[in-house]
Each structure stands twice: as structure tokens, then as C-alpha cells.
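These notes are about the structure you will find just below.
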Amino acid sequence: MNRHASSWWIRGVFVTGLIFVALLEAAAFLIAHEHHGGFWNAIPMWDLVFGFGGAAVLYLAAKRALGPLLSRPEAPMRRSRGGRA
Amino acid sequence: MTPSWEFLIYHPGAYLIAGGLWAGLFPSYAWATSGVFSFGAAAVFVLRRLPNLDFTASVADFHLIWYRGDALSVLFTVVFTVVAGLGLIYGWYRMRRGEAAAAMIYAGCAIATVLAGDWVTFFVFWEGMAIASTALIWLGGTEQSRRAGMRYLLFHAVGGALLFVGILLHLAGGGPIEVAALTGTGPPFWLILTAVAVNAAIPPLHAWLTDAYPEASTAGSVFLSAFTTKTAVYALLRIFPGAEVLVPLGIVMTLYGVVFAILENDVRRLLGYHIVSQVGYMVTGVGLGTPLALAGAAAHAYSHILYKALLFMGAGALIEATGFRRLSDLGGVWRRMRFMTAMYLVGAVSISGWPLFNGFVSKSLIVSAAAEAHAPWTELLLTLAAVGTFLSVGLKLPWFAFFGADRGVAVRKLPSNIPIAMGIAGFLCFAYGVLPFMLYRMLPWEIDYRPFTFDHLSSSLQLLVGTGFLFFLVVRKLTPAEKRTLDVDWLWRGPLRGAVSDAGRALRGLAPAAQEARRWVVTGIDAGLRRAAAGRAAPVAPAALNFRDSIGWTIFFAAAAAAILLVILDRA
Amino acid sequence: MTDPVSLRPFAALLPGIVAALPILLCRRRPNLREGVTFLAGAVQLAAAVSMLPATLDGAAVTTPEIALLPGVALQFRADALGLLFLILSSVLWLATSAYSVGYMRSLKYGHQTGYFAAFAVAAASAAGIALAANLVTFLICYEILTVSTWPLVLHLRKPRVLASGRAYLAYTLFAGQLLLGAVVWTAALAPGAGFTPGGFLAGSASDGALRVLFVLFLVGVGAKAAVFPLHGWLPAAMVAPTPVSALLHAVAVVKAGAFGMLRITGWVFGPDLMWALDLALPLALLAGGTILFASLRAMTEDHLKRRLAYSTVSQLSYIVLGGAIGSPLALAGAAFHIAAHGFLKITLFFCAGSVYAATGKDRISQLGGLGRIMPITFAAFAVGALGMAGFPFLPGFLSKWNLGLGGMDSGQHWVAALLATSGALNLAYYFPVLKTAVFEGSPAPRLPYGRTIVRAEELPPRPRLIEPTPWLWAPPVFAAAAALVLGLFPDFGPGFWSLAEAAAASVTDGARDLTALYRGGPSR
Amino acid sequence: MRESLPGLLVAVPLAGAALVPLIGALFRRGARETALVLHAGVFAIALALFALVQDGAPIAYAMGGWPGPWGIELRLDGLSALMALLTAGMACFAAPLDLSGRRSGAAGGRTSPFGDSLLRGVLLLLLAGLLGIVATRDLFNLFVFMEISSLAAYTLIAAGGGKATIAAFRYLLAGTAAGSLYLFGVGFLYALTGTLNMDDLPVQLAAAAPGAALATGVTLIAIGLSIKAALFPLHGWLPDVYVFAPTATTGFIAAVMAKVSAYALLRLLGETLFGVEAGAFVLDVLLWLGIGGVLVGGALAIAQTDVARMLAWSSISAMGTILIAVAVGSELAVTAALFHVVAHALAKGCFFFAAGALAGGLGLSRVQSWAGLASRLPGTAVAVTVAAFSLIGLPPVAGFFSKYLLLAATWNAGGAAGAAAFAALIASSLLAAVYLFRVLEAVWFRSPAQGSLLAEAPRTGPERLRLPRPLVFAVGALAALTLAGGLFAAAVERRLPRWPLPEPVGAASDLSRLDSARQEGAGTPGRRVLR
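Protein chains in written order, with numbering that gives the first Met the number 0: chain A, 0 to 84; chain B, 0 to 571; chain C, 0 to 523; chain D, 0 to 530.
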């Protein structure tokens, strides 16, 4: 059906997310203070960065490092793409 | 305490096991009835808050504490009962009676395991779970499910064997018969820990899970997702609170699971990796050993059972509706199964730790406990795992399965029991998320923890949003490939299996040799003697005497003996 | 307590022998003939049970000595271990007789009269082995058992069967002659050679001589107990009709060997002497090796009965292992395993035979889907398989548990590990049978291209049940039920567990209350 | 009456040997019946003697009224009474049979040149000779009886015709050599001591200096009797004789003849000459030869395809067994030897009668030709099975108990030789199991070959296979006795004479007591220290 739906989604989520994050960061900067644990919690916007960066690290670890190493083709008999249009 | 069988009245597991046996033994239509009755009865006694009593009974000369209703076991009993009921509803039309029977017995055994007060009872139902869940996997009905079930069974048999030896060593060393925290770190400690680690799917002992769970039927995997690993978490909480070795193991689990989940294509296999990951939190919590951490582990197990069941139901609904089980075959079906999509998303946000959902209130207990225990790296890595969880379960899976490019997969209408079960599960995830004290007050450890601080909310949300940014940045690269990821199960599906079957074959290969040797001994003597005797024992020839002849030899020997003896005696 | 002297043990021995003649005479009236068998079995069982109270009180009903030769007497005594074996074999003889009726008739086998007659004699000689009070009596019954089972092994009279029969004889007669030598030797060392709890050979000869004597005994009874490498006859003997494999090659004959092993280690040498002579550990290791070897070997067998046979090889070594270790719990576990394995293995053999009688299939790979059309049979099979693996509260568990604890008592911690490994291996070779029979075999539904999930409604319909005649399914159900009862209440009925405990306590001077330490309930 | 019984024991069959052919010649019939009566009478005499000597006192009969040591004395003690009883008993089974029976190997059709009654007389002569060997106390008289029995045996064997004639001739060669050697040996002893009386000889020998002459005498006697007893490696005459002789003859001589020679060996070496160094030495040699015989006989029996030949080699093995026990010579060993003599005689007689009946009457001589026997001749099959069990030594038949006693005796003997004998006896059982279970397998579990006699013969009706009634009686009775000997082993054992024998009445001998080990071990199983 609509094969280009994904771009619409991405755009929407991006815009909404950006606004949300901006508000969130502002509030956090103003209100939040009960940090504990590692020194990094004192870094502003740390959580946002960590969410992005952490996901990137995991993505890279999985897709770039482990994927080529560990991915093997499925049994040829079990391919299924395009079976049901 | 005099042994009695009265406990059977109070034992929710007994109802489920009895119901399962009934369902298995009698014609098909009986399973639903027995399911309702057994689950209902179990639920009644759970709702009556389970008497905090011990019941013992004597079986086979073992005086067993069949039932020990303290707070920890009650917590798990409650959630097990709930999820058993949900699973029965979910599988109402899908399950055939054998499957229902296996599922009920499986659930009953899990409940009985956590209620077991002594090691023998514990072992009994631990093994019972393994058998019943194997049957459940086998009832998936495909060749893959049968093979995976066999591997699963063997893996658990090894685990059970370790547990058996560990218990024997523990008892022989004078340890108490009650299941309690082990003191000392001798062989029993490590044996039992390894056995529990098998069930808890701690890498590298985890691959049975991702191998077998996707191969069960859709309803079967809902049951599977709930009991075995969480019983192991219970066992860790009971037996190994504060065992420091668990912290690194747990952290490894959390990350291992998410990394593999990012690579995974099969829906339920992906979710299976997330069981590994989530149980990692609990393992870490047990290892941290502070009351908050232990409470967090217990609470997270509780939450996890609910949302993971919901996720497996969602995945199952997807598979049932479309017939496909891999992300690369799916996409864009949300319009045709909106409710199911929504409920799946509830599960996804729960597991990802979104505020207002139950994962948030329990996972944060463990992370906070790590922080309070001044284990910042633990905290950091657990947070990293949370990021990965959201990335794969919260974003990748729904994106490629429900949203994303619509591949026009036909979706058939599902019977209403499926949305009902998912609805209840989703509601529970949400309810505990907004009313965390409902969960906290059941915990065996007194905790004073407020999840909904602004700081906590804001950091969680930032984290999730940050992850979301990355996801949409690399979404095309995340497109699941039609590939299979090698995991440690390669070891025993490949070399180890080969080694065992080679050993068997080698021994079998000895058989012809042994048989040949036997034949040589039995008939070879025969044939050899015949050959040897061919001349000597031949029938009489009408010719005159000669030395080839037996009479000739006789006379020769007689004469020779006489001569020799005479010579000897003459000398003497 | 002095042993009451009575002729009652003969009442347990004679029915089988006496019945052989009327069985032969009733050749033309099969129902009457089988009636005689049942009557004999009932009398034997009743006689056995009647001796139970005295035995449980710690006294053994003993017959007067019947002198055979100077210093050689025939004497029977119903002590705890013997009575355990006797009651087991009596009960299972009755069950197997019923099963034989169904099996032999539904397969229309010939020579049934000779079959039942030989069976009766074999049952009687098994009873004689159980009750033998001295080595000579044991030997005589042992040899008669060999000879009386030979026609049963050869029942089908095909060339391959004849070859197996020769292998059977080659092993058992060879062993019997070595046993004869050992018995003569022992009788020379200790006149009378009566079984004495705790052994009687200590100090009677040099260590080296006693070791050689033990090796003779080991080969003599070890061949029947199918200890590696003397196990070859057992799989070969699977050419016999299934009831024969069931009773004789799962219970009577092989148990006679394992039982003899217990007698030798516990009542001739005695655990203390075994350890003093450094024989206990090698024997235990040999038994352990047999357990592992046979388990691995069983996995490679596709022929169901042969797989069961290798399983028997493995399981019998549990008993040998317990006898070798000789600690109270290990002996109790080993003695109890005689009964436990008896019920479980006979269940499995009955099931294998029922499948063969109903469908003509005897290979595991052919069993696909049969579990769904023979649910009773395979339910019983599942009980047997789980019990073999030592699943809790099936009887195998109790024996394994005690063997493991007994091993630890003697400092042999590896025993527990071995038993656990063996349990896992048991699952590995029994459950594929269930997997194949119950969970596969119906033609797989043809899935639409790309689909990998079977929907409920696509599963094939349940086929019609083909459970055979009750004569064929009732005995396995009985045996499985008995196994369940025995697992949950090991003292139910004849009190197998009490007997096993009493036997172990008598050998080890009752030095320790067996149950106190580990099963005394909560320690608070 | 009591005192004359030993004389009657020999005289009755001797007279009968003349009487029966006479009746046959005069009346044409009645010879068989007369012979039967005489056999029964001899058996009755033997039985009476056996019963009478149970009190331990031997019964002596001085021939011609001349007492020993100058006269020839016939004396029956427990040992000889037992042998006499066995011999006379086995003869009773052979007596009613057709003594000129054809064997499959015999040249067809031709009847014996002798009349039936003559052969019956010869059988009585054989019996008289054997009983004489058993009864006499005189060395030369023993030779005479030995020759009588041998000549009678040659005749009976040759009556089989065909190859039996050749076998008989070759037996004659070996037997004559044996007799000659024996006679030489006796000559040496006589020259040395001037006496032939078995009671007097030890007394005289004690006075005589040991030397080469004595040793030579002992050795020659031993070799001569060993040939008669078919002791390995002097057994060569035996297989052909047992295979080709007529059924009745085989059954009889296989059961007792070699054993009577073994008895003579025991008498002479174990009793009369035991005090002589050479006598003890020869016994040690005999022990090892016995071991060799046990193994070689058993092994070559396996190699046979013909039932009778297999049984013949089995007999060689059995003679080795008996000689082992004789050579061990303790009380227990001799008891064991005697038990084995009885058990083996019964079982081997049974088996040979059956084998002869099947081979001679039906042409079933090969092991494989017995396939399916049980379905056509079930009674014979059962009897053969019992006999086979006894030969192997399986309980509960007689052979088991003799095997047990033999093992106990050899074990008690100790030493390398004792251990070797022990091992050899166990091995012999295994070898016997190999060749006898092959027969049993064929009999019970193999199907007769297509077209063979057993396959064609109807199972019921007048056309069904049957054996001659006297044979059925012999086979059945011997099998029953074999079984009874096992079931009542204690009773049998109790009636066996004890060794060393009680002090001979009126003998001045003290040499039979020279074996100190035996005296120490009196009452308990004896232990002769073996070299």
C-alpha cells in the first residue's frame, strides 16, 4: 500500500521529539538536582546523549561488529519473502 | 509439625497440576473446563493471600515441606497464577488439550517450585517444569519444535543433574533440608548456582531459551516466557542473595541480550533475547544484595512476567494473524490489527521502562539500588541495556512488524480471547505502572522508594528520546536481514552433538568387532579345532599302521614313554 | 533373633517347577494351561508374602539343610534382600504371564506349551536364587535359570535367533562355570559357604588369593548382570519374544546377576573386606563405566528393544555400583533399585511388545504418531522412561538418591555426578522415543509457501485408537501404576523400601539409622 | 553263601558264556532269555555284594580254597563292589539289545558270521572278564581277566562288520601291546618279590630295595593299564571303536570298560604300589596326562560332526577327568572319581545307546541330522538332554555333583598341579557345553532338513518313528538314573566307598598307610601334597 509511509512517520516523530526534548531539558535544567552515582550524571543533557550514544554503541556493536561475524544465511528452504504478495 | 496432606487444599500449584492431568487424560472438551476450574481454584487461594504456613507431607519416606507460604514465594505464586490464567485465556482456541495439559502442569510445577520449602520438593518440581515445558515445546507441532525441544530437554537435564548433585552434596555436608540461602561457597554452592544459572539463562548457558521458545506454538511460548527463568530468579533470590558473582553475570546478560536482539529477525527469538536481557537485571539485583536491590529483582520479575507475557501474546497474535514469524516478512499491518498493535506497544513501553508502565517502577529499583550501592559502572551499564531494550523491542520490532513499509500481508481475524487476554495483561502493566505501591507492598523487603520523582522521570524520558533519535537515524540500516545469528548453541548443535554422537557411533562401531571377536571365540574355536583335527581324528583308514595314524601314535607314545622312563629310572 | 525353621520357602520355590508338568500335559487346553501358570504364580506370591512378617521382624524363615554332598547343602532362607527379589519376581511373573497370554496369542506364536513350561521353571529358579541361603544353592538355581531361559531365547527358531542363543549360552555358561569354580574355592575356604551379612571371607586366605577369587565371582555373576564387557549377550537375547525380554532380561536373569553381585559383595566378601582388598573402588568404577558406556550405546540403537536392553545394562550397574560402595545408604539404594528397575523396565518392555503386537513395528524411527493412537501404552511408557531417568517420586529416584548419598558417605563424590549424568543420558535416549511416538508421525500439514507456523485447525485430526487387547495393555498399566505407587509410597504393600533398608542394615551391622539424617524432616 | 558270592560273581557269567551259545545252538531260541536271566542274576549278585560290603568288611573268596598270598583271592570291598555293580548293571541294559547291530558305517546287509547266541555268550564273557578284573587280588589273574575281557570285546566290536572289523583289529593291536606291557611289568615285580598277591606285594616291596627293576615294573604296568584306560596320549584306539562297534557294545564298553582299567590303575598305583617311589611318581605324571586328556579330548570332541565320534572324544576327556582324581588320590578325590565314574557311565551309556539307535537304525549319525529330533522322538530328546546336562555338569543331574566334588578335590590338592587340574576341569565343562549344546540346539530348535527322515516321518500313527523297545528302556532308564543320581546325590555319595579303603581283612600290609598326609587329613577332605 503506502510504501512511503515511513518518511512521514520519521518526520513527525522527529519534530515532536525535538520539541519535547527541548521542553524536557529546560525543565531538567531548572528543577532536577537529585543526581547520584557516577560523575557523568552531573553533565547536562547527559541522559539524552547517553540514550543516543548508547543506542549508537549498541547498534554499532551489533550490526557492525557482531553481525558480519555471526550472521549466517538461513536454511535456503526456509526463505519466505514475497511468498504472499 | 505433623505431616499432613491438608496443604493440597491451599496449594494453587496442586490445582493446576491436577487440572493439567485431568485435561491430558480425558477427551478434548474437558481441558477448557478443567482449566477454568483449576485456575479458578488456584486463583481463589491466591486471592485469599495464601496462609503463611508450612505444610509437610511424607512421601517416599522423605518428609517434605510442600508448601512454605512466605512473602517471597507468595509474590511469585501470585504472578504465576495470574499469568497462567492469562495464558489459558490467550490459548483458549489455539491450544489443543495436550498443550493445555502441559501448560497447566508447567505452571503448577512452577508455582509448586516457589512454594517448596525443602530441597527435595524444590528439585521435584524443578524437574517437573523441565519435562512439562519440553512437552509444551514439542506440541508446537513442527519438526523444528521437536528438535529444539529435545535440545531444550537435554540442556535442562544437565541442569537438573547439576542441581541433583549439588543438593546431595549440600545435604551430605550437613546442610539444612530447607531451601534457604547457602552459606559458604563450596562445591554445592557452585553446582546449585550453575543449575539455577541454566534455568536463568545466564550466558553462556542461555541458548536453550532463544533456541526453543520461538518453536513452541504461539500460546505455548506465552507460558514458556513466564515460568522457567522467573523460577530461577526466585531461586537466586532465595538461595544466593548477595552473591557477588551475579553482578557481572547479570550485567553481561543484559547487554548480551540486547545486542543479539538488535541482530535478530525472528519475532519471538528477539523477545527471547530480551528475556535474557531482562533477567539480567534481576540477576544483577540479586547480586547487589541490598534490600532495595533484592526487592527490585523481585518486583522486576513480577513486572517482567506480565509485560513479557503481553509481548509474547502480541507476537503470537501477529504470527497467528499473518502466519509469518520473521520481521523481514512483516510490516505495516497495524491498520488491520489496531488493538493488538496497541497492546503490543503497551508491553514494549513497559519493558523499555517508560513512565506509567510497570517496567519503569521495577527496573528503576534495581538501577537505583546499583547507584545507592555505589556501583556506578553497574548503573551505567544497566542503563545502557535499557537503551538497547527500547531500541529493539520498543522501536525495532514494532517498526518492522506493525509499522514501516506495508508489505500487504494478509491478516485474518483472531478470536476474541486473544484481545481479551492481551487487554487484561496490558491493563495490569499499566495499573502497576501508575500504582506502584500495589507492587511494592507485596515485596518481602520493606522499601521506601518513590519512582515518580521529576528527576527520575526526566532522565528516563531523555534516555528514551535519545534512543529514539538514533533509531530513526539508522532505521534503514536496522532492517532485519534474513539471517540467522550464531549463538553459543552452535556449540552443542554442532561440535558437542557431533562429539556425543561420534562417541556413541564409535562405541557402536566397536560392536561388529566385539561380535566378530565373540564369533571368533565361539565358532572360531570350533572351526579351528575342526581344521586341526582334520587329520588326527579322521575315521579309520583300512591301511596298515603308520605314524599319521592314531593307533600308531598310541603305540609310539607307549613305547616312547616306556623307553624314556626306563632310561630315567636306570640312571636313578 | 533365631531364624524360624520352616518348609515355607519351598512353597515359594516349588510352584514353578511343579507347574511345569501340568503345563506340558495341558498342551491341548491352552486356557487350562495358562490357568496353571496363574495358579502357580499366585501360590508363589502368597508363599512369599506369608514370609514377610517374620522377615520384617528381623528373622528370616529358613528351611532345614538338605545335604547334597559332604559340606554341600541345599538351603533356602527368606532374608530381607531375598524376599525383596522374590516378591518382585513373583508379582512380575504374574503380570508377565497375563501379558504372555496376550502377546503369544495375538502374534500366533508356536510352541506355547514349551514356552509357558520353561517360563515356570525360570520363575522358580529365580525364586531359588532369591532365597538361596548359601553359595551352592545359589549356583544350582543360577545354572537352572540359565538352562531354562535358553529355550525362551530361542523361541522363534530362526537362524539369527539360533546365533543369538549361542551367544547367550557362551556368556552365561562360561560365567556359570567360573562361578562354580569360585563357589568350590569359597566352600573350601569356609565350609558351607552360607551367605553371612557382612561377609565371611575376611582373613580366610591371602589378599592376592581373595582378589583372584573375587575376579572369578565378578565374571561369574557379572556376566548375568551384564557388566561391561560381559554385556554382549543381553542385546543379542532381544530376539526372544517380548515377554521373555520383559521378565527375564529385565527382571529375573539380569537381576539374578545383580542380586548375586550384592550377595557377593555384601554377604560373601562384605564391604569392609571389599575396601580392604582395594576391590570396591575398581568395581565401582567398572560399574560406573558400564553405566556411561551403555547409555551412550543405547542412544545409537534404533531398535526399541535393543535400546531398552542397553538401558538395562546401564541400570543394572547401579545395583553393582551400590554393592561395590557398600555403605548403608548405597546398599539400600542398590537393593531398592532391584525393585524399582524391575517395575519400570518391565513397563517399558511391555509397551514395546504391545506396539509390536499391535503394529508390527519395533524400530523407534517407525513409531511416529503411534502415541496418539496408543495413548495408554505410551502413557505407561512415559512413566517408565521418567522413572528410568530418576524423575522424583518415581521409584528410580529413591534408589539414585540413596546411591548418591551412599557414595558421598564413602567419600566417592563422583558417584552422585555419575548418577546425575546417567539420568540426563536416560532422558537423552528415552525421550526421543516419546518425541517420535507422541509428537510426530502424522503427515505434516502442507503449509502455504513461506509459512512456518501450524495453526490449530491445520493439525491433522486425531486418528482412531488401536490399543490392543486388555491382555496387552493392562499389564503395562499395572506395572506403571505399581511403579508410581512404589515411587510415592516405597513401603506400600510388601514394603520394598523396608526390605532394602533391612538388607543394607544387616550387612552394615545396622550401624546407622538410614533415614535419620537426610529424610528426617525439617531440621528445626 | 556270603563268602561264595565273589566267586559266583565271576563264575556265573563265565559259565553263562558257554551255556548261552549252547542253548542257542541246541534250541534255536531261549538263548536271549537265558542270557537275560543270567545278566539279571549277575546284577543281583553284584547288588547283594554291594549291600553286604556297606558295613565296611570286604568279602573274600579264595579260589580253589587256597588262601592268599599263595592262592588267588577274589575279594570284594566297597570299591570293587561298586565297580561290579556298575558293570553288571550296564551289562543288563546292553543284554537285551541286538548285539550284531549295524552301524551306518558298516558294510550294508551282511549279518555277523556269528550267531546271535554266540554274541550273547561273548557279552557274558566280557562281563566275566571285567568282573574278574574288579574282583581279583592277584596281579597275574588280573592280566588273565583283562585278556578275557579284551578278547571278548574285540569279538563284539568286530561283529559290527565293515569298518568295525578294522577298528577291532586295531584295538586288538593296542590291547595286545597293553597286555604285554602289563605282563612285563608284573614279571618284573614278581621277579623282585616272588609274589603276585596285591596284599602281599606291598609287604614284600617294603623289604625289597628300590631300584630300576621295581621302577620298570611299575612303569610298564602303568603304561599298559593307561592304554586300556585310553589315557591321553594313549587313547588312539578308542574313537574308531566307539564309532563303529554295534550299538549295544558301544553303550556297554563306553560306559564301563575304560573305567575298569582306571579302577585297576587306582588299585595298583594308588593302593598296592603307592608306597613305592615310582608309583607316586607315575601318579604325578598321570595327573598331568589327565589334564592333557581332558583338554585334548574336549577340544577334539568339538571338532567332530559325527555324534558318536564326538562322544568318543568326550569319553577320552572323561577318562582324563577320572585319572586326575585317581592321581590326586585323596579321600575326596577318589570319592569324586567314583561319583564321576557312576555319573559318566550312566550318562554316556544313555547317550551312546541313543546315538547308536539313531545312527544304526535310522542312519542319523551326524549332529546336524539330529535336527528336529524333539518333534519326532520327544522321549529320546529328553533323555539325551538329561545325559548332556550330566556330561557338561549342569545341575540338578548327577554330573554336576561329580564335577563339584572333582573341583573341590583338585582345589584341596593345592599346588600348581591342583590349580591346573581345577582349571582344566572347568575348561572341560565349557568344552563339553560347546559340543553338547550344539547337539541340543539341533535336537530342540532346528528344523529337520527338507527330505530328511525326520522331516518326512509322520508325527503320529503307526508309521511314526519308534526306537526298539529295549533301547527305549535302556535310554530312558539311564536318563532317569542320571537324574536320580543328581536329585539324590547325597544318598549316592553316602554309598560310595571311602578312600583309603578299610584295612583289608587278613592282610599284613601296612604300606597302604604310608601316606602321612592322608592320615593327617583323615575325616576331612584329604590333601596330597602334589609336586
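All C-beta atoms, glycine included, are put in the ideal place defined by N, C-alpha and C.
All figures in this text were calculated on a predicted structure; none of them were measured in a lab.
Under the DSSP definition of a beta bridge, which residues are partnered with residue i?
{"i": "S70/A", "result": "T484/B"}
{"i": "L75/C", "result": "Reading the sequence as shown, one finds Phe at residue 75/C and not Leu. A131/C, per the DSSP bridge assignment."}
{"i": "G348/D", "result": "According to DSSP, G348/D bridges with nothing at all."}
{"i": "N196/D", "result": "D137/D"}
Among the options, which has the Cα closest to the Cα of residue i?
{"i": "L355/B", "options": "S302/B, A374/B, A400/B", "result": "S302/B"}
{"i": "Y233/B", "options": "H205/B, N198/B, F222/B, V251/B", "result": "N198/B"}
{"i": "E462/D", "options": "L452/D, P469/D, L172/D, L470/D", "result": "L452/D"}
{"i": "F124/B", "options": "F222/B, L135/B, A111/B", "result": "A111/B"}
{"i": "Q203/D", "options": "A335/D, L191/D, Q53/D, S99/D", "result": "L191/D"}
{"i": "L270/B", "options": "T141/B, H10/B, G68/B, Y255/B", "result": "Y255/B"}
{"i": "S310/C", "options": "T507/C, P240/C, T145/C, S244/C", "result": "S244/C"}
{"i": "G289/D", "options": "L477/D, T459/D, A244/D, A423/D", "result": "A423/D"}
{"i": "Y102/C", "options": "F292/C, P469/C, M387/C, L179/C", "result": "P469/C"}
{"i": "A501/C", "options": "P52/C, L12/C, L23/C, R26/C", "result": "P52/C"}
Can you tell me whether residue i is buried or exposed, with buried defined as 16 or more other CB within 10 angstroms of its CB?
{"i": "G359/C", "result": "exposed"}
{"i": "D501/B", "result": "exposed"}
{"i": "R136/D", "result": "buried"}
{"i": "N425/C", "result": "buried"}
{"i": "N357/B", "result": "buried"}
{"i": "E502/D", "result": "Annotation note: pLDDT 45 at E502/D (below 50); position unreliable, no value reported."}
{"i": "F26/D", "result": "exposed"}
{"i": "A415/D", "result": "exposed"}
{"i": "L490/B", "result": "exposed"}
{"i": "V382/C", "result": "buried"}
{"i": "K412/B", "result": "exposed"}
Can you confirm whether residue i, when its beta carbon is compared against all beta carbons of chain C, has any partner nearer than 8 Å?
{"i": "S148/D", "result": "no"}
{"i": "V410/B", "result": "no"}
Counting contacts by CB-CB distance shorter than 8 Å, is residue i in contact with chain B?
{"i": "A152/D", "result": "no"}
{"i": "M298/C", "result": "yes"}
{"i": "L22/A", "result": "no"}
{"i": "G235/D", "result": "yes"}
Please confirm whether residue i has its beta-carbon closer than 8 Å to some beta-carbon of chain D.
{"i": "V150/C", "result": "Going by the sequence as given, residue 150/C is Pro instead of Val. Yes, P150/C lies at the interface with chain D (some Cβ there is under 8 Å from its Cβ)."}
{"i": "W552/B", "result": "yes"}
Under a CB-based cut-off of 8 Å, is residue i close to chain A?
{"i": "I261/B", "result": "yes"}
{"i": "G387/B", "result": "yes"}
Chain A contacts made by the segment 465 to 491 of chain B, where a contact means CB separation under 8 Å:
G465, T466, G467, F468, L469, F470, F471, V473, V474, K476, L477, A480, E481, K482, R483, T484, L485, D486
What are the residues in the segment 417 to 428 of chain C lying within 7 Å of chain B by C-beta distance?
A419, T420, G422, A423, L426, A427
For the segment 236 to 258 of chain B, enumerate the residues whose C-beta is nearer than 9 Å to any C-beta of chain A, in chain order.
L254, V257, V258
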